[in-house]
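Enquirer: This structure is in structure tokens; I'll ask about it shortly.
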Amino acid sequence: MAYEVEKSDEEWRAQLSDEEYRVLRQAGTERAFTGEYTDTKTEGVYHCRACGAELFRSDTKFESHCGWPSFFDPADSEAVETRSDDSLPGRPRTEVLCRTCGSHLGHVFAGEGYGTPTDLRYCINSIAVRLEPTS
């Protein structure tokens with residue numbers, strides 16, 4: 001797929017820290033309960049750390065106690081894209097990517113019983129986003 005923001009591997013490596021690159025460009029995962037936004041209650045907008053696109057808003061963030069920030073809905077239905085992820089044998093998942101630059105953000109899970117309006121949990125790596133506070 002062609003993305004609005006496309007850069008060479010060298011350009012991404014120059015822009016991102018080693019850990020940001022590992023998560024955003026190589027579909028890595030930060031360790032549970034270590035991300036800067038896991039427990040934050042700050043109101044604001046979460047943007048893609050790679051390209052700056054708006055992805056999620058704090059009013060859709062909820063406490064899932066899973067170790068990563070959780071949201072029940074993207075800021076815009078076009079903000080993210082998903083695709084099948086079979087990288088863990090026997091555990092098929094759905095990967096979440098930034099629709100603007102194709103960076104890996106995390107995974108989305110359905111039917112876990114959290115009681116959110118969408119019954120979805122977008123489990124997002126803190127290092128994949130940047131919070132812009134509104135207050």
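So that you can map any letter, position 88 of the sequence shown is 88 in UniProt numbering, and since no number is skipped, the others follow by simple counting. Ideal Cβ positions, reconstructed from N, Cα and C, are used throughout, including at glycine.
Within 10 angstroms of the Cβ of residue 25, are there 16 or more other Cβ atoms? Answer buried if so, exposed if not.
Expert: Under this definition residue 25 is a buried residue.
Enquirer: Which value, in whole angstroms, describes the spacing of the CA atoms of residue 63 and residue 114?
Expert: Near 9 Å, if we compare the C-alpha coordinates of residue 114 and residue 63.
Enquirer: Can you tell me which residues form a DSSP beta bridge with residue 92?
Expert: Bridge partners of residue 92: none, in fact.
Enquirer: Counting beta carbon pairs with one atom in the stretch 85-94 and one in the stretch 29-41, are three or more of them shorter than 8 Å?
Expert: Short answer: they don't touch.
Enquirer: Which same chain residues end up closer than 6 Å to residue 45 when comparing Cβ atoms and leaving out the 5 residues on each side of it in sequence?
Expert: Taken in chain order, the residues that qualify are 54, 57, 132.
Enquirer: For residue 5, report the span of its alpha helix (DSSP H) as first-last.
Expert: Run containing residue 5: none; DSSP gives neither H nor E here.
Enquirer: Using the beta-carbon count (16 or more within 10 Å), is residue 35 buried or exposed?
Expert: Buried is the call here.
Enquirer: Are the beta-carbon atoms of residue 93 and residue 109 separated by less than 9 Å?
Expert: Yes, the Cβ-Cβ distance between residue 93 and residue 109 is below 9 Å.
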